[in-house]
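-17 is the number of the first residue of the sequence shown in my numbering; add one for each residue after it.
First the structure, in the form of structure tokens, and then the observations on it.
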Amino acid sequence: MAYEEKTDWLPDDPINEDDVNRWEKGIKDAHKDLAAHKNDMNNPHKTTKAQIGLGNVDNVQQAAKKDFDQHNQDLDRHVTKEERQKWDNGQLTKLTDDSGKYLAEIQDGLDFHQVVDKLNQSFFFYTNNTGVNTPPLSSRGLYIGVKSDGEALAMDYEGGTWRKTLKASVWTDWVQLETSEGAQKKVDTHAKQTDTHVTKADKDRWNAGQLFKITADNGTQKINLTSGSFYDSLKDVGSVTFYGTNAVSDNPSDTSLRGMQLVGQPGIGNGYAVDVKGNAWWFYYNSNQTAINWYPIESVAGAQSKVDAHANKTDVHVTRSDKDKWNNAQLNKISNDDGQPLFNVTTDLHAELLKYPSLTYFSYEKTAANTPPAGGRGFWTCSVGKSYGHVLAMTNDNRTFRKSLANNIWSDWIELDSTEAAQKLIDAHANMKDIHVTQADKNMWNGAQLSKITSDNGSYLLAIGDEDNFLEKIVKNGRAFGTFYSTGKAANSPSNASTRGMFHFTSLDSEGKGTFGYVIAVDYKNNMFTNYLDLNLGWQGWRRIVTELDTENVPWINVPYKNGAKSGDRPLQYRKVGNTLHLNGHVLTDREVVFGSVPSSCAPAKGVVTMVAASGTTGYSKIIIYSNGDLKLTGIMANIENNVNGYYIDLVVALT
């Protein structure tokens, strides 16, 4: 029965069952309505925050305790005690700003000398020709020293290298160091002489956070001597930078010099030093010796004097300077905390090296298997899978060797030539270019940098995949100094073999891409390539570094004859050696006709005209070598012209 309200009750009206049922139904309906009202969360009474004293409270959900606990345990946002201690142990002096860019920008009237005086430390810099006391071209470089004494090295955008010295607050002028291009110009100027000065930078970079310092905390040399001897001061201190005046008893120079020592074990060390005049020396000593052995490094001027003294010979002076650079911002160690090798090989060099999957400094005994013929020290670097790698070993008898691991197969040891060995090659190979790379870039890393060059495990920083554009991937990384790995299949790769290397860009465009910098790549076949990007000129193109292996054992090829020409007492042959064309032979032919051709790739770019000797009588004719490779004789000067029966063609011609 539905509840129906009754309002006309009389005092004596009886209450019957229907009335009770109506009342119970009404009570149930009231409870139902009350429950619905209690569950209505849409503010049915339209109550405001201000009415209940919450007018200033934002309607924002607060974090739960578990969220606070999770945040407290987030190590990506918080610094651990170990991380803080690791950073506190870094170097106190920075060479670059925190982004990896140069520390000083010298232009628009700013004086390089005043900047050095103000900073009073080592630092990377950028200059252009609007600065005062700067190189004539825009350049990037490094100053090593303090405000009264130091060395500056700068590299301009055309590939030139400049040097400047500060001694007792007195500066020298900027001096340009020789380059491959400069040497080539001298070859073109001196017809049958080859004056080659080739530069190369072995830029092995250390990527482990080291506890052993090689410089003082302010970035200057760690050892300063005004008396005594270098030997007594260096023999027990490990790898270190040093300075000494001409009052030091075993100073090889008559002026002060600076240098660096590398130590493999107590009592044995080697290194290099440069005086304020620009003279450089290698040195070494063994545990059974009581003095340092100094060896001067040949200079550009010295090499030129030998070229002038040996008219028709190629005079190449080869030195090698292991230019190991420290970057104490890396986590992966390459040596012990005292600067000594991380491990010593006594059994099998191959097996021991494969236990270390990153750049490592080691020593070895000559009795161990697969080692060079004498004990010594070396460096090892490899791919992540340890199927590719390179070893550089320096023996205790002052020789240098290297070998490679490619697809799990080891190469033989290759000994790198010394200056004396290179001179023997020059004497044995007249009129040939035998290129031995030299350069003494002695820039030391002594600052704890925030910009990494490798991953934390010592591997490469940037991976370039098969579908990437090699050069575009590099510039997208922005302003940075770093390492990379490429499979060799990416577009614009320097080699179709896998490569490892480094890059350095110091400027950015509006899209965050690098605009000025260089790339150095080494493939697993041990070929080295370089490329340089200038925002105004674009990429300069890959260039492969040429070694003596490119000039030895080049085969001779017969020149195809034309128009009735034939061989005399020896066939006319040609070969291309480096950037030169070699011709050798005796040809019987008429003049004024093309008598033979060589491939255009072997011909001089602008053609060449030179003299050759006639046979049958004393005389000469002109030979024209066209840019397409055609060969033609024209004109004759002879004692008896009718007796001319052929021509001796023995030439070495520069191609550019």
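The beta carbon of each residue, even a glycine, is placed where N, CA and C say it ideally should be.
Note that this is a predicted model, so its numbers are computed, not measured.
Looking at Leu324 and Trp362, is the spacing between their C-beta atoms short of 7 Å? no
Name the one or two DSSP bridge partners that Asp138 has. Ser121
Do Ser386 and Asn508 come within 7 Å of each other at the CB atom, strictly closer than that value? yes
Among Ala462, Ser393, Thr272, which one has its Cα closest to the Cα of Lys495? If you compare the alpha carbons of Ala462, Ser393, Thr272 with that of Lys495, the shortest gap goes to Ala462.
Evaluate the contact criterion for the segment 584 to 596 versus the segment 540 to 548: three or more CB pairs, one atom per stretch, below 8 Å. Too few Cβ pairs lie closer than 8 Å, so no.
Under the three-state reduction of DSSP, which class applies to Glu133: helix, strand or coil? strand
I'd like to know whether the C-beta atoms of Thr436 and Leu443 end up nearer to each other than 7 Å. yes
Between the Cα of Asn228 and the Cα atoms of Gln203, Gly210, Asn474, which residue gives the shortest distance? Closest by alpha carbon: Gly210.
Where does the unbroken alpha helix (DSSP H) through Gly8 begin, and where does it stop? -1 to 20
So, is Gln203 buried or exposed, given that buried needs 16 or more other C-beta atoms within 10 angstroms? buried
Skipping 5 residues on each side, what residues in its chain have a beta carbon closer than 8 Å to that of Ser238? These residues qualify, in order along the chain: Asp131, Lys149, Tyr225, Gly226, Thr227, Asn228, Asp257, Val258.
Cβ of Phe452 within 7 Å of Cβ of Ser475? Contact check for Phe452 against Ser475 passes: the beta carbons are separated by less than 7 Å.
Only counting the same chain, and skipping five residues up and downstream in sequence, which positions put a Cβ closer than 7 Å to that of Asn206? Tyr225
Consult DSSP for Trp153 and reduce its assignment to one of helix, strand or coil. strand
Contacting residues, own chain, Cβ-Cβ under 7 Å from Trp524 (five flanking each side not counted): Pro476, Phe511, Asn513
Would you check if the segment 376 to 391 and the segment 351 to 360 touch, i.e. whether three or more CB-CB distances between them fall below 8 Å? yes
Other residues of its chain near Gln89: CB distance less than 7 Å, five sequence neighbours each side excluded: Thr109, Asn110, Thr112, Gly113
Could you check where the beta strand (DSSP E) with His564 kicks off and where it finishes? 562 to 570
Spell out a yes or no on whether the segment 487 to 494 and the segment 552 to 567 are touching, meaning 3 or more CB-CB pairs, one atom from each, closer than 8 Å. no
Can you tell me whether Pro581 is buried or exposed, with buried defined as 16 or more other CB within 10 angstroms of its CB? Counting every other CB atom within 10 Å of its CB across the protein chains shown gives Pro581 a total below 16, marking it as exposed.
Using the Cα positions of Ser583 and Thr529, report the straight-line distance between them to the nearest angstrom. 20 Å
What residue from Trp521, His568, Leu637 has the CA that sits closest to Asn627's CA? His568
Have a look at Ala255, Val98, Pro26 and flag the residue whose alpha-carbon is nearest the alpha-carbon of Ile682. Given a span of -17 to 638 for the chain in the structure shown, any question on residue 682 remains unanswerable.
What's the call for Gln44, buried or exposed, on a 16-neighbour Cβ count within 10 Å? Its Cβ having fewer than 16 others within 10 Å, Gln44 is exposed.
From Gln286 to Asn566, what does the alpha carbon distance come to, in whole angstroms? 28 Å
Identify whether Asn624 lies in helix, strand or coil by the three-state DSSP scheme. Of the three classes helix, strand and coil, the one that applies to Asn624 here is helix, per DSSP.
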